[in-house]
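Here's the structure we're looking at; comments come further down.
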Amino acid sequence: MGVVAGEGGRHRGVGLPAQVRIERRDRLDAIRKGVMELYVSDHPSAWNEQRGTGASEFDNVAKQVGLSENRYGTDGRNHVEQGIAPGNGSLNIDYIARDESNPYFTYDASQCIVCSRCVRACEEVQGTFALTVEGRGFESRISAGMHEDDFLGSECV
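What follows is the structure, given as structure tokens:
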């Protein structure tokens, strides 16, 4: 059951007038936009040139939430000019090479936002449990399980 902010405090969302729910929707929209800004802060810088073109699902979602600027900057590892990540400067952005070994898909870690849809599809649709999320935070990536060399050698697809 949804809880929304309204006059006099919080109320159940069901059965309230639409204008009371607007406040909650605006808050959720702001959260969605903030999350997309965080994704953009580590998304390849080409996004800045292509934004608004509908070139990808990522671009479409950014447009849908009204994202035109990114207040967090572009210090993520995919933006750094010389291929060295901020911080200790030891992490090369190409540490995970683009994997084109599987004929059904290409995995590019710099484009992946680790939404886990592919992991869920492997588990729920294929029943193979071949993919997993490895690492945490900005170091998270999709992994082909024990076959870390490439996706073709994995049980995926």
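Residues in the sequence shown are numbered consecutively from 762, following our numbering.
Cβ atoms here follow ideal geometry from the backbone N, Cα and C, with glycine treated the same way.
Bear in mind that the values here come from a model prediction, so they are computed numbers and not experimental data.
For residue i and residue j, what's the separation of their Cα atoms in angstroms?
i       : j       : result
Ala-891 : Ala-858 : 19 Å
Gly-906 : Val-801 : 27 Å
Gln-887 : Glu-900 : 26 Å
Asp-787 : Ala-870 : 32 Å
Ser-817 : Ala-823 : 10 Å
Asp-911 : Leu-789 : 38 Å
Tyr-865 : Gly-834 : 34 Å
Looking at the strands, I want to know which residues DSSP matches up with residue i.
i       : result
Thr-893 : Ser-904
Tyr-800 : The partner list for Tyr-800 (beta bridge, DSSP) is empty, contrary to what the question assumes.
Asp-860 : Tyr-868
According to DSSP, is residue i part of a helix, a strand, or is it coil?
i       : result
Asp-820 : helix
Gln-843 : Residue confidence for Gln-843 is low, a pLDDT of 44 falling below 50, so the modelled location carries little weight and cannot support an answer.
Phe-899 : helix
Asp-911 : coil
Leu-828 : coil
Ile-874 : coil
Cys-917 : coil
Gly-888 : coil
Gly-795 : helix
Just to check, is the beta-carbon of residue i closer than 7 Å to a non-hydrogen atom of the ligand NAP?
i       : result
Asp-787 : This structure does not include the ligand NAP; it has no bound ligands of any sort.
One question on the structure: do residue i and residue j come within less than 8 Å of each other, judged by their Cβ atoms?
i       : j       : result
Ile-874 : Phe-819 : yes
Cys-917 : Thr-889 : yes
Arg-921 : Glu-798 : In the structure as shown, the chain begins at 762 and stops at 918. Residue 921 is therefore absent and cannot be evaluated.
Are three or more beta carbon pairs between the stretch 819–838 and the stretch 789–796 nearer than 8 Å? Taking 8 Å as the limit for Cβ pairs, the verdict is that the stretch 789–796 does touch the stretch 819–838.
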